[in-house]
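A quick write-up on the structure given underneath.
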Amino acid sequence: MLPVFGEMSPDNIRSEHIRKYMDKRGITSRTQANREKTFLSRVYRWGYERGIVKGNPCRGAKQFTEKARDRYITDEEYDAVYQVAPDVVRVAMEIAYLCLARQADVLALRRDQLREPGIYIKQGKTAARQIKAWSERLRDAITLAESLPLKSGISSVYIIHQRTGLRYTRDGFNSKWHKAREVAKNISKVRF
Numbered sequence: 010m011l012p013v014f015g016e017m018s019p020d021n022i023r024s025e026h027i028r029k030y031m032d033k034r035g036i037t038s039r040t041q042a043n044r045e046k047t048f049l050s051r052v053y054r055w056g057y058e059r060g061i062v063k064g065n066p067c068r069g070a071k072q073f074t075e076k077a078r079d080r081y082i083t084d085e086e087y088d089a090v091y092q093v094a095p096d097v098v099r100v101a102m103e104i105a106y107l108c109l110a111r112q113a114d115v116l117a118l119r120r121d122q123l124r125e126p127g128i129y130i131k132q133g134k135t136a137a138r139q140i141k142a143w144s145e146r147l148r149d150a151i152t153l154a155e156s157l158p159l160k161s162g163i164s165s166v167y168i169i170h171q172r173t174g175l176r177y178t179r180d181g182f183n184s185k186w187h188k189a190r191e192v193a194k195n196i197s198k199v200r201f
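With positions in the sequence shown counted from 1, the corresponding number in this note's numbering is that position plus 9.
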């Protein structure tokens with residue numbers, strides 16, 4: 010974005026400039042064009058709230074329609090990754106699968122969300138609240154989570170935590186997830 014807009018005064022950028030950028034960027038990746046427009050819009054919103062810019066030129070530029078991903082993960086694929094994954098990834102996989110929870114909700118899961126009838130999950134995206142009833146498999150996942158290593162003298166409020174007790178960031182967790190997927194891809198006959 011800097012090569013395109015870096016030399017321009019922020020107040021000189023208009024909706025038609027954003028649209029032209031979107032059209033050119035969309036040739037190689039419509040999804041990335043949408044993400045970059047969203048980022049730029051947030052920067053402008055921040056600047057507008059502080060009186061730095063007069064308006065947000067992104068408001069007049071429509072985003073590309075995105076097709077939602079809809080790929081079913083087979084039992085074979087799940088098992089191939091699960092077998093080679095580190096415990097932290099195994100715990101996250103099981104909780105996500107058994108509770109139908111998004112990655113962000115799984116990584117934010119705290120010990121105080123473990124209740125007698127099940128795991129209380131408030132979905133960050135939809136704000137839906139529900140308790141996922143305990144099953145033997147879900148209890149096993151929590152037991153495995155309790156064995157995740159912590160530095161001496163450290164405790165954690167998070168179910169899925171780093172050795173420091175802090176929760177995993179999306180990028181930190183994804184790094185472990187991608188490594189497990191690559192190992193599974195290389196040693197199994199399952200196609201990913």
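Think of the CB as a built atom: it goes at the ideal place given N, C-alpha and C, for glycine as much as any other residue.
If you're wondering where the values come from, they're calculated on a predicted model, not measured in any experiment.
Comparing alpha carbon positions, the residue from I61, Q171 and S161 closest to D96 is Q171. DSSP places R138 inside the beta strand (DSSP E), whose first and last residues are R138 to A142.
Contact annotation: V115 and A105 have beta-carbon atoms nearer than 8 Å.
Assignment of G162 by DSSP, reduced to helix, strand and coil, places it in the coil class. When the Cα atoms are used, I163 and N21 turn out to be separated by approximately 52 Å. Residue range S24 to T37 is occupied by the alpha helix (DSSP H) that includes G35, with no beta strand (DSSP E) assigned at that position. The three-state reading of DSSP puts R119 in strand, counting E and B together. One thing to note: L153 has its Cβ within 8 Å of the Cβ of V100. With contacts defined by Cβ atoms closer than 8 Å, G133 and A113 form a contacting pair. By the CB criterion at 8 Å, F73 and R39 fall inside the cutoff. K131 carries a strand assignment under DSSP once its states are collapsed to helix, strand and coil.
The Cβ-Cβ distance between A70 and R120 does not fall below 8 Å.
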